[in-house]
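Q: My questions all concern the structure below.
Protein chains: 2
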Amino acid sequence: MTASRRRLLVAAGAGAALGAAGKGAQAAGNPDNLPPNQPEWSRTLGPGVIEEAYGTRSRHETAARRYVPWLTQDRQSSVSFTPLAEMNGIITPSGLHFERHHGGVPDIDPSDYRLMIHGMVERPLVFTLEDLKRLPSVSRIHFLECPANGGMEWRGAQMSGVQYTHGMLSCSEWTGVPLKVLLAAAGLRPGASWVLAEGGDASHLARSIPLRKLLDDAFIAFGQNGEAVRPQQGYPARLVLPGYEGNMWIKWIRRIEVGDRPWFTRWETRTYADLMPDGLSRQFTFVNEVNSCITNPCPEKSLRGRPGFVEISGLAWSGAGRIARVDVSVDGGDTWRTAELQEPVLSKAVTRFRIPWEWQEGRQAFLQSRAMDEAGRVQPTLDTLRRVRGVESIYHKNSIHTWLVDRDGTVANVQID
Amino acid sequence: MTASRRRLLVAAGAGAALGAAGKGAQAAGNPDNLPPNQPEWSRTLGPGVIEEAYGTRSRHETAARRYVPWLTQDRQSSVSFTPLAEMNGIITPSGLHFERHHGGVPDIDPSDYRLMIHGMVERPLVFTLEDLKRLPSVSRIHFLECPANGGMEWRGAQMSGVQYTHGMLSCSEWTGVPLKVLLAAAGLRPGASWVLAEGGDASHLARSIPLRKLLDDAFIAFGQNGEAVRPQQGYPARLVLPGYEGNMWIKWIRRIEVGDRPWFTRWETRTYADLMPDGLSRQFTFVNEVNSCITNPCPEKSLRGRPGFVEISGLAWSGAGRIARVDVSVDGGDTWRTAELQEPVLSKAVTRFRIPWEWQEGRQAFLQSRAMDEAGRVQPTLDTLRRVRGVESIYHKNSIHTWLVDRDGTVANVQID
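Sequence order for the protein chains is A and B. Numbered according to the numbering used here, the first sequence spans residues -7 to 409. Numbered according to the numbering used here, the second sequence spans residues -7 to 409.
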C-alpha cells in the first residue's frame, strides 16, 4: 500500500476497520486489493426479511444447466448438464441438478398423483401422495448419474469442460418411503423376483429391476434437499435406487408391477443396451461403476494468471458403496499421490477429494484422478475400456480422465491413452 | 373398487397399467384413490430441458419463510422463520433458510468484496473473494441456530406452530477456507487470544470470539448447499462457527481483528446478554445447547382424519457435538421410548429422529422429545430452565417442548410444566 493511498483512505473516514489496519501494519497484497471506500452497502439499509419468502440466489451468480444442441433432435427428449465446476461440496443445488427426460417435464397436480403396486402381489394397492407421506420414511444422500455420462468422450469427442464430460451427475438428500414397506403392505406372491417400474409422463419410460434391489435400499422419494422433489427430477414422486444407473430411477412414477422375469421393454432392448465388439448386446447394467473427475482446475476454471498454490479438487463416486481412495497424478499417470477424502464419506454418494499442488507458469501438466471403492473396484484407462467394450458404446464410461494444463495455464480436455 | 368403476376405467382405455390391475386384483383402498383417467400429463409432451436453466420448484409447492409482525418494529432488523414442518431430511433448502439481520440484506458485488485480517498479527492481509477461493477449503454440514429460537415461549407466548417455536434453525452444507489457514498466513503475535469479527452491512454487527475457536473448526464460507452463499445468509462470504450461536456467524464479513481480550461491543453488553434473576448479566454464551423438536405431527401437520399409524419425526441438534440419543414421550413425560436416529449422525448438524406410533381418534396425547448429546448434556424442562435463568431471558431456550394432540387430532402448542 502506498502512503498516499493509505492516507486517502483514512482521511476519507473509511471507518475504524481500515483505520486500524492503516495504522498498525502494511497491507499484505496488491494495493488494488483494498476495499472500496465506504461501499454503498455498508452505508444503507437493504431489503428486510421475507422480501423473498422463498429465496433466490444473488443476481451476481450465473451458474446454469446447459445442453448440447447437436446431441439430441429436440429438447423434450434430451439432457442438460450440471455445472460441476461451480459446485463446492457434495450437495447439488436442486436448481442445477442435471435433467434427462424423454417426453418433457409433466406438470402433475399432487392431489391427482397416484402410485399403483400390482402384479404378483396379494393385495394390489393404490397410494395417494398423502398416503405415501404418512408411512415410515428415510432420508439418504445419494448421487444420481446418467449412464451416458462421458459417452461423447468414449466416441472420441472432447467436450469443452467438466460440465459436459461429467455433468450428468448430481447428488441430493432424497427422502421417501422404502419399497420394502410398500411391498410388505401389498404382500409378495411366491416366485416374485422382478419388478417393472413405469413413469407417468408421456414417454412412460419403464424398466425391469431385480426385486432384491427394491427390498434392499430402494425408496419412493417425495423429498429432495429438504423440500419437494423438483418437477425436472420427478415431482411429486420418483423411484430412488441408490447406486443404480439414473434411467432406472423412474421419475413421475405411476406403477410398480411385480413379476417373475424381466420385461425386456424397448428401453432395455434398444435404448440402454450396448453393442459389444463381437456383435452381441450387453443388457441390464445396473450399478454405476467407480468414477471420478477433477473439478478444479478444469477447462472452466483455468490457472491463467494464477501460478503458485492450487488445491486440486474433485468428486469421486461408486454405485457399489463408499469411496476408499482417490489418487491424483499431475504427469499423466506416471506418478500418483493419494488425495484427502472429505468427511462424511457416504455410501453411494459423491465424495469430495482435495490435494495441494504447486503450478509453475510455463509448465505443462496432465491432471488425472483415479478412484477406488470399498468393493475394490478401480477406474480403468479409456484404452482398457475400449479394448473390452469396443467403440460403439456410449454408456458406463468410467475411465480415468485427463485435463491438460497448458503452459499459459489454460486447461483443455485431452485423451492421452 | 366397485365393479362398475373398474369396468369404466378399463373400457375408457386407461392403459395397460390400469388394465392389468383391474384384471388381476382388487384395489386396496378407497375407490377415490384411483388415478385420474388418462391424466393430461400422461398424454402430452411437457417443456424440454433448460426450460429452467436454473430450476425452480413446482407451482404446487408453497412452503415459505414467515415473520411475526408484532415481534419487531420493522423488517430490516427482524427475523423470518424456516417452515420446519415442511422439511423432511436434514438439509434446509437455501431458499427457506431462516433470516436474521439488523440492517437489511446488502447487495454486494463479489468483485468489490474484501476481507481484512489485522490487529495482533505479523502481516495484516486483505483478501479478495478470488483469493479466498484459491486457498484450501473444507465442506461441512452444520446447523445454524439463532439463540432467540424459542424465546417467545420462554416468556409465556405459545406460538401457533413449529415454524415459530423452533424455526430460527436451519442446516446447510457450508464450504470455505479454514480460519487457521488465513491466520497462519497473517501470523499471530504472542498473546493473541480473541478476535473481533465484523460484518460489512450497514449494521456492522461485531462479536468477540475466542481465538481457539477460530483455530479449531471455523471457516470463511463462500459456499452453501453446493452454490454461492445466499444474500440473506451473507453473500459473498460469512463466518461459520460450528456449534456456536448464530449471531456470531458474522455475515457479509469484512474484517477479523486479532486481540488479547474481548471487545464488549454493544451487541455483547446489550443485545446478546441475559438478565439473570439476581440482576447480573450473563454474557458470552457461545455453544448452542442440546435441543430438539417434533416436526410431525405438529400444529401445522395435524392428525385430523388420520387415525392409526403415525411416524413421529423431528430434529435434534447440539453445539457440543453429535446427538447420542433422542427419547420421545406421548404422555407428557411420564414414559419415554428411544427413537431411531437417522444416519448420517454428524457433529454440530441436525439429526433426524423417527419413531412409530399409533394414534387413536378421540384420545389426547402430549408429545415431547428429549435429546442427549455425546457430551452428556440433556434437555431440561422449561420449569428447570426458568428456575435457573429466570423469566427475563429470551436466549438459549432449549427446554423440552410439548405438542398436545387433541381428541379430534388437532395439534396445539402447550406448556405443561
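Note that CB positions come from ideal geometry on N, CA and C, so glycine has one too. Remember, predicted model here, so these are calculated numbers, not experimental data.
#1: Please list, in chain order, the residues of the region 223 to 254 of chain A that have any C-beta partner in chain B closer than 7 Å.
#2: Can you give me the Cβ contacts of V173(B) inside the same chain, cut-off strictly under 7 Å, excluding the 5 residues immediately before and after it?
#3: Assuming A331(B) and I315(B) form a contact by the criterion Cβ under 8 Å, report the distance between their Cβ atoms to the nearest whole angstrom.
#4: Just checking my contact of A184(B) with M112(B) at CB under 8 Å: how many whole Å lie between their CB atoms?
#5: Ignoring anything shorter than 3 residues or poking outside the region 302 to 350 of chain A, list the beta strand (DSSP E) runs there in chain order.
#6: Under 8 Å, Cβ to Cβ, is there at least one residue of chain B near S131(A)?
#7: In the structure shown, what three-state DSSP assignment does L197(A) receive?
#8: Using only the alpha-carbon positions, how far apart do M144(A) and N405(A) sit?
#9: Below 9 Å on C-beta distance, what does H89(B) contact in chain A?
#10: If you draw a straight line from the alpha carbon of N141(A) to that of V250(B), how long is it in whole angstroms?
#11: With three or more beta-carbon pairs closer than 8 Å as the criterion, would you say the region 95 to 104 of chain B touches the region 224 to 231 of chain B?
#12: By the criterion of Cβ-Cβ separation under 7 Å, what are the contact partners of T36(A) in chain B?
#13: Does the beta carbon of V97(A) sit closer than 8 Å to a beta carbon anywhere in chain B?
#14: Do you know offhand how far L197(B)'s Cα is from L295(A)'s?
#15: Does F256(B) pass the burial test, meaning 16 or more other C-beta atoms within 10 Å, or should it be called exposed?
#16: Report all residues from its chain with a CB closer than 7 Å to the CB of P299(A); omit the five preceding and five following residues, and keep chain order.
#17: If we cut at 8 Å on Cβ distances, does W33(A) have a partner in chain B?
#18: At a Cβ cut of 7 Å, what residues of the region 165 to 177 of chain A count as close to chain B, listed as they run along the chain?
#19: Could you give the DSSP three-state label for D209(A): helix, strand or coil?
#20: According to DSSP, which residues form a beta bridge with S152(A)?
#21: Quick check on DSSP: helix, strand or coil for Q224(B)?
#22: Establish whether the CB of E78(B) and some CB of chain A are separated by less than 8 Å.
#23: V282(A) by DSSP, collapsed to three states: which one?
#24: For a test of the three-state rule: what should DSSP assign to V173(A), helix, strand or coil?
#25: Can you find a CB in chain A that lies within less than 8 Å of the CB of P61(B)?
#26: Kindly say whether G21(B), judged by its beta-carbon, lies nearer than 8 Å to any beta-carbon of chain A.
#27: Measuring straight from C-alpha to C-alpha, what distance separates L207(A) and L171(A)?
#28: Which stretch, first to last residue, makes up the beta strand (DSSP E) that contains S70(A)?
#29: What are the start and end residues of the beta strand (DSSP E) that includes W395(A)?
#30: Looking at the structure shown, is N405(A) part of a helix, part of a strand, or coil, going by DSSP?
#31: R49(A) and R222(B) - do their beta-carbons sit closer together than 8 Å?
#32: Between the Cα of L338(B) and those of W349(B), T394(B), R317(B) and R329(B), spot the shortest distance and give me the residue it belongs to.
#33: Establish whether the CB of V71(A) and some CB of chain B are separated by less than 8 Å.
#34: If the criterion is Cβ atoms closer than 8 Å, does the pair Q360(A) and S321(A) meet it?
#35: Just the C-alpha distance for R181(B) and P116(B), rounded to the nearest angstrom, thanks.
#36: Let me know if P75(B) comes out buried or exposed under the rule of 16 or more other beta-carbons within 10 Å of its beta-carbon.
A: Inspection of the coordinates gives the following:
#1: The region 223 to 254 of chain A vs chain B, Cβ under 7 Å: P223, Q224, Y227, R246, R247 and E249.
#2: Counting only Cβ-Cβ distances below 7 Å, and skipping sequence neighbours, we find L127 and P128.
#3: About 10 Å separates the two Cβ atoms, so there is no contact after all.
#4: Between A184(B) and M112(B) the beta-carbon gap is near 4 Å, inside 8 Å, which marks them as a contact.
#5: Segments of the beta strand (DSSP E) lying fully in the region 302 to 350 of chain A: 315 to 321.
#6: It does: the Cβ of S131(A) has a partner Cβ on chain B nearer than 8 Å.
#7: Of the three classes helix, strand and coil, the one that applies to L197(A) here is coil, per DSSP.
#8: Straight-line Cα distance between these residues: approximately 12 Å.
#9: Those are G47, listed as they occur along chain A.
#10: One C-alpha to the other measures close to 48 Å.
#11: Three or more Cβ pairs closer than 8 Å define a contact, and the region 95 to 104 of chain B meets that threshold against the region 224 to 231 of chain B.
#12: A194, listed in chain order.
#13: Taking Cβ atoms only, chain B reaches closer than 8 Å to V97(A), which makes this a yes.
#14: If I take the Cα positions, the gap works out to 36 Å.
#15: Classification of F256(B): exposed, given that the 10 Å Cβ count is below 16.
#16: So the qualifying residues of the chain are W351, Q352 and E353.
#17: Yes, W33(A) lies at the interface with chain B (some Cβ there is under 8 Å from its Cβ).
#18: Those residues of the region 165 to 177 of chain A that come within reach of chain B (Cβ to Cβ, closer than 7 Å) are E165 and T167.
#19: Reduced to three states, the DSSP call for D209(A) is coil.
#20: Answer is none; S152(A) lacks a bridge partner.
#21: Reduced to three states, the DSSP call for Q224(B) is helix.
#22: Yes, E78(B) counts as interfacial toward chain A.
#23: Secondary structure of V282(A) (DSSP, three-state): coil.
#24: The answer is helix: DSSP assigns V173(A) an H, G or I state.
#25: Output row for P61(B): interface = no.
#26: The predicted model places G21(B) with a pLDDT of 35, which falls under 50 and marks its position as unreliable, so this point remains unresolved.
#27: Per the coordinates, the alpha-carbon of L207(A) lies some 6 Å from the alpha-carbon of L171(A).
#28: It spans S70 to S72 - the beta strand (DSSP E) in which S70(A) sits, taken as one unbroken run.
#29: Note, W395(A): beta strand (DSSP E), T394 to V397.
#30: Three-state DSSP puts N405(A) in a strand.
#31: Yes, the Cβ-Cβ distance between R222(B) and R49(A) is below 8 Å.
#32: Answer by Cα proximity: R317(B).
#33: At least one chain B Cβ lies under 8 Å of V71(A).
#34: Going by C-beta atoms, Q360(A) is nearer than 8 Å to S321(A).
#35: A direct Cα-to-Cα measurement between R181(B) and P116(B) gives close to 11 Å.
#36: The residue in question, P75(B), is buried, as its Cβ has 16 or more Cβ neighbours within 10 Å.
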